[in-house]
Each structure stands twice: as C-alpha cells, then as structure tokens.
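Enquirer:
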Amino acid sequence: MTEPLVRGYWITGALGFMGVHYSPEMSERLLTGLPRGLRTSAAQLGPVEWCPRSLHVELLKAIASVHTSEARAYDDLLAYGQYVGSEAAHGPLKSFLLISTLKLFAKKLPVLWARDHQEDGRLESDFAPIEEARLPLRLSGVRGYEHVGIAALGWIKGLMAPFEHKSLRVKQSGWSLAHGAPEEMTCEVAWS
Amino acid sequence: MNSRLLSDDELDELRESVADALLVLSNVALGDCSQQLDVDIHSSNPLSFLFSSINELISALGTEQEQSGAFRRDLEEKLETVDQQRAAIKNLSTPIIEVWQGVLCLPVVGVMDTARSAEMTSGLLQAIVEKGAKYAIIDITGIDVMDTRTVDHFIRMAKAIRLLGAECALTGLNPHIAQTIVQMGLELSDIVTHRSLRDALYRYVAHAARNTLEGKIASV
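For the protein sequence lines, the chains are A and B, in the order given.
Using the numbering used here, the letters of the first sequence map in sequence onto residues 439 to 630.
Using the numbering used here, the letters of the second sequence map in sequence onto residues 19 to 238.
#1: Should F534(A) go down as buried or exposed, given a rule of 16 or more other Cβ atoms within 10 Å for buried?
#2: Please state whether DSSP places L29(B) in a helix, a strand or coil.
#3: Helix, strand or coil for L607(A)? Go by DSSP, reduced to three states.
#4: Using a beta-carbon distance below 9 Å, is R449(A) in contact with chain B?
#5: Here's the rule: buried if 16 or more other CB atoms are within 10 angstroms of the residue's CB, otherwise exposed. What is D165(B)?
#6: Helix, strand or coil: which one does DSSP assign to M623(A)?
#7: DSSP state of A571(A), grouped into three classes?
#8: Less than 9 Å between the beta carbons of L573(A) and F565(A), yes or no?
#9: Quick check: what's the CA-CA separation for A178(B) versus L142(B)?
#10: From W593(A) to T132(B), what does the alpha carbon distance come to, in whole angstroms?
#11: With a threshold of 9 Å between beta-carbons, can R90(B) be considered close to chain C, or not?
#12: Using a Cβ-Cβ cut-off of 9 Å, state whether Q103(B) counts as contacting chain A.
#13: Roughly how many whole angstroms lie between the Cα atoms of A452(A) and G587(A)?
#14: Tell me whether M19(B) is buried or exposed, calling it buried when 16 or more other Cβ atoms sit within 10 Å of its Cβ.
#15: Can you give me the Cβ contacts of G612(A) inside the same chain, cut-off strictly under 8 Å, excluding the 5 residues immediately before and after it?
#16: Quick one: which chain B residues come within Cβ less than 8 Å of V486(A)?
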C-alpha cells in the first residue's frame, strides 16, 4: 500500500504558522520537538511537492499539544488551517476564487482537497443548502490522520475569506482531542 | 463574451470550465506540470481549442522542466567534482613530508597569500604536534617572487613553530628573492636559512639521528 501524501505547502504553512502564531520560545520548543530531519527537509520543500502524510501528522500533533484544553487545541488547529487557506487564497488560488461563486466553490471543494492529498481521504460538500447560507461537509477515510479534520475546516474558512462574509461560523462533530483521528467527520460552515 | 447571450446554466458551465483551467494553471505556476485540462476533442466549443493549446503549453513546459532539472543535476554533479578537486589541490598545495624521524619538510610552490599561509601554518603546527617533530624545513625553491607580506607570513609561521619547541628553517631562496629582501630592508633574522634543501636536510637529519642515538644510549 502506498503511503498517503500531502502537498508541501501544508508542511511549510505549519512551520510558518508556528513562527507567527506562537511566542519565539514556544515556536522554538515546538520545532525542536519535531523529528530530526523534518525541519531540514521542510526547508527545501516546494509548495506542490508531495511529502509523506506522517510529516504533516507530526506538525498537527505539535500544534494540538500546545494546550491541554480541548477548546484551545481546537482553536489553534483551526487557526493553522485558516493560515494555510488564507495563504492559498491570496496566492495560487486567487484567480480561481475571484471568478468563483459560492456554489462553484462548494462544488470544487472536493477537487481542492484531492489535489492536495494523494491517496488520502475524501471531502464531500453538499451545496444544496447554499441559499440558506450554510455548507455541510463530510470528511471521510482519514483514520490515522490526526487532527486533519479541524485543520481542513480552518483551511476552508481561510479560502472563503475573499467572499467577504461578515460572520463565518464553523462547527464539527466526530473530532475530540482524545479521539483526534476518527474515520470520518461531519462539519458545517455557515455565514451571514 | 457577452453574458446576455448566455443562459444562467450556460454561464455557470462556462465559469466552471474557466475555474477548472485556473486550478490547473495555479499548479503549473507552482511548478507542477503533471495535470492536464479535460478537453472534448470533438467539441466545437472555442474553450476546447483554448484548453488544447493550454495542454500543449503545459506539456512543453513539463518537458523543459525535466530538461532543466537534468541540467541542474548535471551542474550540481560538476560543482561537486570541482569542490572535490579543489580540496585535492588544497591538500597537494601543502604536502607535509616526514623526511626523517622528527624532521618535517614542507615544499612550497606557487603564490602565497594569507589564506594559504594560514592553512600551511595550521597544517604544519598540527603535524609537529602529532609527529613530535623537532625540526621543520620550509622549502621555497618553487616560489619565484616574494613581497613583504609573503616574508611576513613565513616569519609568523616560524614564530609559531618555535612556540611549540621546534626549530624552523627556510631553504631554497633564489638570488632574486635574496636581493629583493635586502632591497626592501626586510628582517629575516628570526628565521634560520639554508642555501638549499639538501643543506638543511644534511644538518637536521644528522641532528635528529644524533638525538635518537643519544636517547638510545641513555636508555641502555
């Protein structure tokens, strides 16, 4: 069985997030706690290069480990995903988002997930309730991919920033700090 | 294209096609040329022709990328070889030979500069300590021209050697260098000089041999 892969910008994004979101001391502590070689290989990683999911899991676990409180770990994972999504929204996906409608964006979300994750998971979006200002999502096939569901939710939030909604709310079920890698998660993004 | 000529469904379809193209192009912009746009070759839709051309461009770019990758790897290999050769030349430029027990010889060829002088000094001092040498002969037969800075390098080298308790001699000064040193008023009194490497070897090898012999007699 081939190892699941993730695009390099998720890895470099995690390192960038640690640098800007945490104090220098905490950032250094997180970085030094990472497996040897991850930092050096990440420094040479291109944004669309494929790298093993296990590296991403190490970074997600590091971010989730900063706080013992589940709510704060959730916030950090969400903020990390939002950081990566926002970088993409202002970079490579800018033109796509400029011409997209919410419905088209929702329709293309599974494609966006699939192009970032090889042999790994499946994101489905139900764009029928778009008119009700909500987007239900389902992420499946991610057993062992710890905390990725919350990061993915943040990533979607970051990608939706160009749509300029006043309030963007997210909720999820299936994930907890103790049970960070469920087989599937259901989420919803709502806005006003 | 005027949107008034299109129905909402057609406009959505057009938007989606352009979005697909933009997604593929966003990956191409980041260096991933592995994806292609879906094209219906039987369609007369102008977008199909556009997408076909984009696919051709992506293919060409991918080929160029592979070639430039191969060139880069080739260049990196060559640079590595150059580095290895440079290291080999560096080692060859300061060959320290133990000509007799306790007698080291460093033949110097070419141009002396600060960096080379520092390397030589460091290598020679290390060898003196490692071999327990008492004498170090620096032979400059291979140096044609010497300026004040070069002389200064040798003086410093000799002082450093003396600090380790060894004796340093300079051999192989040619008449031209000797004249230059005198004309420039350079002070070489801190360094023992010999006319040739042969003279210095004769003296120091004899010294070293005598010391060894005396040591053996004393131990008996």
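We put the beta carbon where it would ideally sit given N, CA and C, even for glycine.
Expert: So, from the data block:
#1: So F534(A) counts as buried.
#2: L29(B): helix per DSSP, three-state reduction.
#3: The identity of residue 607(A) in the sequence shown is Arg, whereas the question assumes Leu. Of the three classes helix, strand and coil, the one that applies to R607(A) here is strand, per DSSP.
#4: With the sequence shown as reference, residue 449(A) is identified as Ile, and Arg is not the correct amino acid for it. False, the Cβ-Cβ gap to chain B never drops below 9 Å.
#5: D165(B) should be labelled exposed.
#6: Collapsing the DSSP output to three states places M623(A) in a strand.
#7: A571(A) falls in the coil class under three-state DSSP.
#8: Using a Cβ distance threshold of 9 Å, L573(A) and F565(A) count as a contacting pair.
#9: Distance from the CA of A178(B) to the CA of L142(B), rounded to the nearest whole angstrom, comes to 10 Å.
#10: Distance between the alpha carbons of W593(A) and T132(B) is about 56 Å.
#11: The structure shown contains no chain C; its protein chains are A and B.
#12: It does not: the Cβ of Q103(B) has no partner Cβ on chain A nearer than 9 Å.
#13: Those two C-alpha atoms are separated by around 15 Å.
#14: Residue confidence for M19(B) is low, a pLDDT of 49 falling below 50, so the modelled location carries little weight; the figure read from the coordinates is stated next. M19(B) is exposed by the Cβ-count criterion.
#15: Within the same chain, G587, P620, E622, M623 and T624 come within 8 Å of G612(A) by CB-CB distance, once the 5 residues on both sides are set aside.
#16: For V486(A), the chain B residues whose Cβ falls inside 8 Å of its Cβ are N45, L48, G49 and D50, in order along the chain.
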